[in-house]
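Take the sequence shown: its position 414, counting from 1, is numbered 414 in the UniProt record's numbering, and each next residue is one higher. Below you'll find the structure, written out as structure tokens, and then a few comments.
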Amino acid sequence: MSDSSSTSRPLQSNEGGARGIDARVVAHELLSQILRRRQALDDALAQHPGLNTLEPRDRGFARAMVTACLRQLGIIDAVLSLCLREPLKPRDAAGHDLLRLGAVQLLVLGTPAHAAVSRTVALAEQVGVPHLKALINAVLRRIAEQGELMRLRIDAERKALPDWLWASWSRTYGEDTVRAIVKALMNEPPLDISLRDPSRAEELCGDLGGLMLPTGSVRLARAGLVTDLPGYSDGSWWVQDAAASLPVRLMGDLKDKRVADLCAAPGGKTLQLAAAGAKVTALDRSAPRLGRLSENLARTGLHAEVVAGDAASWNPPTPYDAVLLDAPCSATGTARRHPDVLWLKSPGDIDKLTVAQDRLLASAAEMLVPGGMLLYCTCSLEAAEGPERIAAFLARDSRFTTEAISPDEVGGLADAISPEGWLRTLPHHWGDLGGLDGFFAARLRRAA
């Protein structure tokens, strides 16, 4: 979970000097690593050598700057463009990122103007753009004075997405729905957890100060450090967005059924399957990610057979009663928690992923007993990675038919059920409760 601040309670660095500068240096390095070297936000946070050396408050401030900047990158760049006579040259990329970080402090995080401006300007020499100090100072001072008026001059919802995503989502959902999605993406999401023992839901809600969602997940508005929360160390629950928990819930009674969880790591759905009494085989081709899955199994006291292998070519010794395929995808549906995906993915990525998804579907189909269930899901908002993949699969393989999903299986969320009987959650669904990740799922049945 990202550790960002909200606009209602600004998270600022200590005013004592060096520690504040350090937080901004780290934030600048992280932003550069993500936008210039195309590294995922979670990986950049995990691998940065200086982040964990900061004081806790400064560490939170650095993370907040980066996360908020990625969440509102298009809007920030649009505001900056109103202040610049011409775009900065490619060789001044470090200066561009400094401006972004200064702007997000002023426009989003509520950092006092004197600190946001002076400390950002002071970094120009350190990051190799001393010739831009005067420009950075002038631009940030103008944003401090006129930033809110500048925001009113731009179409913020349109600017919040790259052009290709705006076009893709508008074709699929319509512009009004895209604008609702964008508004949801601008908010820091709550923390959702799935329970090992659902009968303890009321007890854990009380211990954690959480809210029980209609689908059985528990939602925490303010969680803090996850590992310090009651019930974590004894494995009573695991972190999992409420939308991500739905595919397993759609598989019905799994007691003593043999189930393959394909592309299983890091294991949230494996834990759900095991907790439901299934005899689970968790397959993933990444050994390091399987290590994390095994750690989660050990913490929760649940059991699954863990296998390293490529689901596109793996042949199980015995067919399964059910197969869950959480296919690798663009993950655009997770932008509430991972705003970097909006800026790191491209149409070319989608083209490559759909080829892999078709291969995985064909392979999964052969792993089932006659009459078995195939549950396909992706955390993508792209039609090409969801409904289009299932339509193409059903056209190729006449053994399978859709087993329609009903609203009562997903907490009464009728808007999330397509005419075909497939599931499509969107970030603005349950907006009054804090939203959902974007997820697609289709439940298919092989002929007996």
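We put the beta carbon where it would ideally sit given N, CA and C, even for glycine.
Assuming Cys69 and Leu41 make a contact with CB atoms under 8 Å, what is their CB distance in whole Å? Contact doesn't hold; Cβ gap of about 11 Å is too wide.
Rounded C-alpha distance that separates Leu213 from Arg219: 7 Å
Helix, strand or coil for Tyr173, going by three-state DSSP, please let me know. helix
Let me check understanding here. Comparing Cα to Cα, which of Glu55, Thr215, Val129, Thr120 lies closest to Ala243? Thr215
Measuring only the C-alpha atoms, how far is Leu433 from Val178? 19 Å
What are the start and end residues of each continuous beta strand (DSSP E) run of 3 or more residues lying completely inside the region 227–290, in chain order? 237–239, 258–262, 279–284
Helix, strand or coil for Gly309 per DSSP? coil
Taking the beta carbon of Arg424 as the centre, do at least 16 other beta carbons fall within 10 Å, making it buried, or is it exposed? buried
Taking Met367 as the reference, give the member of Ala23, Ser294, Ala311 with the closest Cα. Ala311
I want to see whether chain D comes within less than 9 Å of Ala298, judged by CB atoms only; does it? Although the question refers to chain D, the structure presented lacks it and comprises just one protein chain.
Just reading off the alpha helix (DSSP H) that Glu191 is part of, what are its end residues? In the sequence on display, residue 191 carries Leu and not Glu. Not the alpha helix (DSSP H): Leu191 falls in the beta strand (DSSP E), residues 191–195.
Buried or exposed, going by whether 16 or more other CB atoms sit within 10 Å of the CB of Trp237? buried
If you check the beta carbons only, do Arg399 and Asp358 fall under 9 Å apart? no
Within a Cβ cutoff of 6 Å, which residues of the same chain sit near Val182, ignoring the five residues on either side of it in sequence? Glu157, Ala160
In angstroms with no decimal places, state the Cα-to-Cα distance between Ala113 and Phe61. 16 Å
Quick one: residues in its chain with C-beta nearer than 7 Å to the C-beta of Ala287, no 5 flanking neighbours on either side, listed in chain order? Ala308
Check whether the region 438–445 and the region 190–209 are in contact - that is, three or more C-beta pairs closer than 8 Å. no
Between Ser294 and Val306, is the Cβ-Cβ spacing less than 9 Å? yes
Can you name the residues that DSSP bridges to Ile417? Leu423
My assumption, with CB atoms under 8 Å, is that Asp207 sits in contact with Pro230. Please give the rounded CB distance. 4 Å
For Pro316, which three-state DSSP category applies? DSSP, reduced to helix, strand and coil, places Pro316 outside both helices and strands of the structure shown, so it counts as coil.
Quick one: using the 10 Å Cβ neighbour count with 16 as the cut-off for buried, is residue 453 buried or exposed? Only positions 1 to 448 of the chain appear in this structure, which leaves residue 453 out of reach.
Residues bridged to Val369 by DSSP? Per DSSP, none; premise fails for Val369.
Return the CA-CA distance between Leu84 and Leu106, expressed in angstroms with no decimal places. When rounded, the distance between both Cα atoms is 17 Å.
Counting only runs that start and end within the region 103–139, where is the beta strand (DSSP E) found for 3 or more residues in a row? For the region 103–139, not a single whole beta strand (DSSP E) run of length 3 or above is found.
Spell out a yes or no on whether the region 374–382 and the region 326–335 are touching, meaning 3 or more CB-CB pairs, one atom from each, closer than 8 Å. yes
Within its chain, find whatever has a CB closer than 7 Å to the CB of Ala36; leave out the 5 residues flanking it on each side and keep chain order. Note on residue identity: the sequence assigns Arg, not Ala, to residue 36. Excluding sequence neighbours, Arg36 sits near Ala93.
Tell me the DSSP bridge mates of Cys377? Asp326, Ala441
Length at least 4, wholly inside the region 146–171: the alpha helix (DSSP H) runs in chain order: 156–159
Leu208 by DSSP, collapsed to three states: which one? helix
To the nearest angstrom, report how far apart Ala264 and Leu290 are at their CA atoms. Rounded to the nearest angstrom, the two C-alpha atoms are 8 Å apart.
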